[in-house]
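Working notes, structure below.
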Amino acid sequence: VQVGDTANDVNFVWDGSSTGTFTLDAGAHTLAMTGLATSTDGAVTITNATATSSTTTGALIVTGGIATAADITCGDDLFMSNGGVINFNASNVTITHSAGVLTLAGALTVGASGTGYDVTLYGDTAGCTLLYDQSEDQLVVTQTNAATSGVERTLDISQTHTGIGASAEALRAVITTDTKGGTYMNALFGKIDFATTGLVTGLAGVICAELTMPGGAVAGGAGTYATFESEINLPTSYAGTVPISVMYISTWGDQKADFDTYGYLFDINGVASGSGKFWYDATNGTTDDWIRCRVNGVVKYLMLSDVQTEA
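Under this note's numbering, think of the first position of the sequence shown as 3, with each following residue one higher.
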């Protein structure tokens, strides 16, 4: 309602209601609906392009909730306050934001059987990632390390037992095949590559096995303890004459002859000599040293000589 450039407020009052109003405020240039409890068919279009930066700014401001029975299409950013929750199917799954953390309560599936997608997690250091590569069907952990002290670990698996009687495997890697394989198979592969100028000032071990026994007494017969366990299973149906060994050693490379000069089968340190002990440094005939082992529960001794020539 306007005369020239002079406008007036217009109030529409719902029939039979003292609180339901529809107000055109000329001064504020707003349209306010109070007590509106009905809806009508037809689209509502707002052409105002005011962006939002809070709950009180934007082209459409609603102080209560919004209900919709169909899809919502968002053409730009979606802003939620701290502690905001996206709720699926009456809290069957929720996504909650709080202080820089996004928490998912429910299962998460990426892709479908036969249709995968790359998933990448980034570390705080450039070049450090955890990637599930869908094209290779492979989990890849990559670390770039410039540390000059401490112990750097790319993968740390920890398992703590508080119950009694359970067997345990902190890491399990199994290859199952019923076909002819290639030139090699390794359930676990470890390698240290010193490139051109790499080295260590102490000990470099591709595989490190440490066993820490309990601080108190262990009753006799309470298990057998070893840093290396090798098991070879030959099932009832097995038949063959191929060589099977507990340990296989092979050298390669242009300078492999250096191992012939400097290589050892074992490098044993930290043991004290004594009769009947693990190592006994006592000459007996052509034998200079003895190493204790056990075969089928019976103690045996391996004979060692200080020289390669036979007396």
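Glycine included, each C-beta is placed from N, C-alpha and C at the ideal position.
Check whether residue i and residue j have beta carbons under 8 Å apart
{"i": "serine 275", "j": "aspartate 283", "result": "yes"}
{"i": "threonine 96", "j": "glycine 108", "result": "yes"}
{"i": "isoleucine 194", "j": "methionine 187", "result": "no"}
{"i": "alanine 168", "j": "glutamine 161", "result": "no"}
{"i": "threonine 289", "j": "leucine 306", "result": "yes"}
{"i": "threonine 164", "j": "threonine 144", "result": "no"}
{"i": "valine 208", "j": "glycine 192", "result": "yes"}
{"i": "tyrosine 303", "j": "arginine 296", "result": "no"}
Chain B contact for residue i (CB, 8 Å cutoff)
{"i": "threonine 52", "result": "Looking for chain B here will not work: only one protein chain is present."}
Beta-bridge partners of residue i, as assigned by DSSP
{"i": "isoleucine 293", "result": "Trp281, Leu304"}
{"i": "threonine 226", "result": "Partner(s): none; threonine 226 has no beta bridge."}
{"i": "glutamine 140", "result": "Asp135"}
{"i": "serine 275", "result": "Trp281"}
{"i": "asparagine 286", "result": "Thr289"}
Member of the options whose CA lies at the smallest distance from the CA of residue i
{"i": "aspartate 158", "options": "Asn94, Glu231, Thr52, Ala172", "result": "Ala172"}
{"i": "threonine 47", "options": "Ala69, Gly287, Ala61, Tyr250", "result": "Ala61"}
{"i": "tyrosine 134", "options": "Gly118, Ala175, Thr243, Gly29", "result": "Gly118"}
{"i": "alanine 211", "options": "Phe230, Gly218, Ile251, Ile293", "result": "Phe230"}
{"i": "threonine 263", "options": "Gly183, Thr253, Asn271", "result": "Thr253"}
{"i": "glycine 314", "options": "Asn286, Asp139, Ala69", "result": "Residue 314 is absent from the model: the chain starts at 3 and stops at 313."}
{"i": "tyrosine 227", "options": "Thr238, Phe280, Thr214", "result": "Thr214"}
{"i": "histidine 291", "options": "Ser93, Ile270, Leu123", "result": "As written in the sequence, residue 291 is aspartate, which differs from the histidine given in the question. Ranking Ser93, Ile270, Leu123 by Cα distance to aspartate 291 puts Ile270 first."}
{"i": "serine 151", "options": "Val202, Thr181, Ala197, Thr54", "result": "Val202"}
{"i": "asparagine 84", "options": "Trp281, Thr57, Thr75, Val121", "result": "Thr57"}
{"i": "proline 245", "options": "Thr54, Ile234, Asn147", "result": "Ile234"}
{"i": "valine 309", "options": "Val301, Thr285, Asp260, Gln136", "result": "Thr285"}
{"i": "phenylalanine 196", "options": "Ala189, Leu190, Ala206", "result": "Ala206"}
{"i": "alanine 51", "options": "Ala71, Asp78, Asp27", "result": "Asp78"}
Any non-hydrogen atom of the ligand GTP closer than 7 Å to residue i Cβ
{"i": "glutamate 212", "result": "Looking for the ligand GTP in the displayed structure turns up nothing, as the structure carries no ligands at all."}
Assess contact between the stretch 123-132 and the stretch 101-108, defined as three or more Cβ pairs (one per stretch) separated by less than 8 Å. Is contact present? no
Run through the stretch 58-137 for me and flag every whole beta strand (DSSP E) of 3 or more residues, listed as ranges in chain order. 87-90, 95-100, 103-107, 121-124, 131-135
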